[in-house]
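Undergrad:
There are 2 protein chains.
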Amino acid sequence: MTRAPQKRRLETRAKLLEVAAAIVQEQGYSGLRVEDVVARARVAKGTLFSHFKDKDGLLAVLIGDEVMRLLDGMEAGGAPQDAAELTARLAPHLDYVGQDRVIFDLLLRYSGTTAAEPDEVVTAGFLRQVALLTRWLQLLQAAGRIRRDQPPELLAEGIQAFLNHVLGVWFCMEHDDETPPARALEPYLQAWLQPAP
Amino acid sequence: MTRAPQKRRLETRAKLLEVAAAIVQEQGYSGLRVEDVVARARVAKGTLFSHFKDKDGLLAVLIGDEVMRLLDGMEAGGAPQDAAELTARLAPHLDYVGQDRVIFDLLLRYSGTTAAEPDEVVTAGFLRQVALLTRWLQLLQAAGRIRRDQPPELLAEGIQAFLNHVLGVWFCMEHDDETPPARALEPYLQAWLQPAP
DNA sequence: AATCAAAAATGACCGCGGTCAATTATAAAA
DNA sequence: TTTTATAATTGACCGCGGTCATTTTTGATT
């Protein structure tokens, strides 16, 4: 039986997250340095690693929170009526992840479909996204707006695949004037979900 | 106008690659340390970085070569007759990449579709794979074995997306007894290529 | 208030990738 | 052969993530 954490510990953790979030705000995710975090939090380096497994563990909390917020917005938009609307619902997520390779890498690393640790924020967010997509796809199938010959779970996972694909391509070029991920996604979703004629 | 490299330089580069390949053979890609390479090659650390941009640059050559070899085998198998056979052709590639996360990460990072530097081995391999897939898909379309409502290029890119997807999932769990990537790929390809009825 | 075991925090230390001003080898020109 | 420009190599040094034996703090118990 593991003991409940003491008050001090909770404060330290909160301080670390607060400082980290501030630094991300100022310098972006890729500008985050562990040494900066502990310095500004007035804490020893070892302390950070007793709260988070590693730097990714810290980032996972920050990014996981943001993903949750995005999912709230996505859900608030309501169920899409067709593939095009679905693409639109996914656009904020793509914009967010597309802003920094660090986000993409981290999400990719933690996004095992049936992952092991559901207590992790990122994993929870991932499961929630798949569940939401599956629900929407079911509705679209029932409405006859998309193909019905495949289970909604498979279609949902396929969408995940395309999301990561367009993001991967996005990060492979100096995206100065290129088509943003959200636009690149559309043809894939159309082809993937297209109702069988 | 850049000068031709001197003989000594070519020898050093070859030695570095030879040593690196040997270490990978013994310890796997994730066991490769720059300091080990330069020690065994009897060369200073700075030398390695004058030959390769960074550690990834070295790995890219090793991995790119292997990918090329796999493509040779893939091409030698001849054009597939249907989606199932296509899956089988891709299996060796999945097995190779699935063996070490380092390979996956590197390929993902360099796999921009229309990449900038075609002199890079990895990029060349990537372009070759897309070209080969596109050709095969064209044949399958002509034979009426797969859907014809989408351009073969889009279908080929979609396959890339699914390859990365199953690999990503694969690396997210302790793959002791799980279904290997090649098996996981099949339902996606079936659904993606299925001829419109 | 004194005691004490577990919890929390500390910071010197390590591994490893990557840099760069200084040094040495090479080959063409004088 | 001597000179000389530049190609190639060197290795001390740095940044940064991560570890762990040691020390300090906490809060329950007597």
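If you read the protein sequences in the order shown, they are chains G and F.
Numbered by my numbering, the letters in the first sequence go through residues 25 to 221 in order.
Numbered by my numbering, the letters in the second sequence go through residues 25 to 221 in order.
Glycine residues also receive a C-beta, built at the ideal position from the N, C-alpha and C atoms.
Quick caveat: nothing in here was measured; it's all calculated off a predicted structure.
1) To which residues of the same chain is residue 101 of chain G closer than 6 angstroms at the C-beta, ignoring the five residues directly before and after it?
2) Short of 8 angstroms in beta carbon distance, which residues of its chain neighbour residue 186 of chain G, apart from the five on each side in sequence? Order them along the chain.
3) If you scan the region 95-171 of chain F from start to end, which runs of the alpha helix (DSSP H) of 4 or more residues do you find wholly inside it?
4) Would you call the CB atoms of residue 48 of chain G and residue 56 of chain G closer than 7 angstroms?
5) Answer yes or no: does any C-beta atom of chain F fall closer than 7 angstroms to that of residue 186 of chain G?
6) For residue 52 of chain G, name the three-state secondary structure that DSSP assigns.
7) Cβ of residue 30 of chain F less than 7 angstroms from any chain G Cβ?
8) What would DSSP say about residue 223 of chain F, mapped onto helix, strand or coil?
9) List the residues of chain G that residue 189 of chain F touches, going by C-beta distances under 9 angstroms, in chain order.
10) Using the beta-carbon of each residue, which ones in chain G are nearer than 7 angstroms to residue 174 of chain F?
11) Are the region 188-195 of chain G and the region 117-126 of chain G touching by the rule of at least three beta carbon pairs closer than 8 angstroms?
12) Determine the contact status of residue 95 of chain G and residue 159 of chain G, defining contact as a CB-CB distance below 7 angstroms.
13) Is residue 157 of chain G buried or exposed, if buried means 16 or more other CB atoms sit within 10 Å of its CB?
14) Of all Cβ atoms in chain F, is any one closer than 7 angstroms to the Cβ of residue 192 of chain G?
15) In the structure shown, what three-state DSSP assignment does residue 222 of chain G receive?
16) Cutting at 8 angstroms between CB atoms, please list the residues of its own chain near residue 202 of chain F, excluding the five before and the five after it.
17) Does any CB atom of chain G fall closer than 7 angstroms to the CB of residue 131 of chain F?
18) Which residue comes first and which comes last in the alpha helix (DSSP H) that contains residue 60 of chain G?
19) Using 8 angstroms for Cβ pairs, my map puts residue 89 of chain F next to residue 154 of chain F. What's the rounded Cβ distance?
20) Can you list the residues of chain G that residue 211 of chain F reaches, using a CB-CB cut of under 7 angstroms?
21) Where does residue 52 of chain F land, buried or exposed, given buried means 16+ other C-beta within 10 angstroms?
22) Between the beta-carbon of residue 175 of chain F and the beta-carbon of residue 162 of chain F, is there less than 7 angstroms?
23) Can you tell which of F:103, F:36, F:189 has the C-alpha that lies nearest to the C-alpha of residue 71 of chain F?
24) With distances taken from CA atoms, which of G:169, G:74, G:171, G:39 is nearest residue 63 of chain G?
25) Less than 7 angstroms separating the beta-carbons of residue 206 of chain F and residue 118 of chain F?
26) Alpha carbon to alpha carbon, how far is residue 199 of chain G from residue 129 of chain G?
27) Starting from the N-terminal side, write out each stretch of the beta strand (DSSP E) that is 3 residues or longer and does not extend beyond the region 171-201 of chain F.
28) Please list, in chain order, the chain G residues whose beta carbon lies closer than 7 angstroms to that of residue 135 of chain F.
29) Label residue 147 of chain G either buried or exposed according to how many other C-beta atoms from any shown protein chain fall within 10 Å of its C-beta, with 16 as the threshold for buried.
TA: The answer reads as follows:
1) 113
2) 209, 212, 213, 216
3) 107-122, 125-134, 145-166
4) yes
5) yes
6) coil
7) no
8) The structure shown does not extend to residue 223 of chain F, since chain F is modelled only from 25 through 221, so no value can be given for it.
9) 181, 182, 184, 185, 186, 188, 189
10) 215
11) yes
12) no
13) buried
14) yes
15) No statement about residue 222 of chain G is possible, as the shown extent of chain G runs from 25 to 221 and does not include it.
16) 194
17) no
18) 58-64
19) About 19 angstroms; that fails the 8 angstroms criterion.
20) 178
21) exposed
22) no
23) F:36
24) G:39
25) yes
26) 17 angstroms
27) none
28) 192, 196
29) buried
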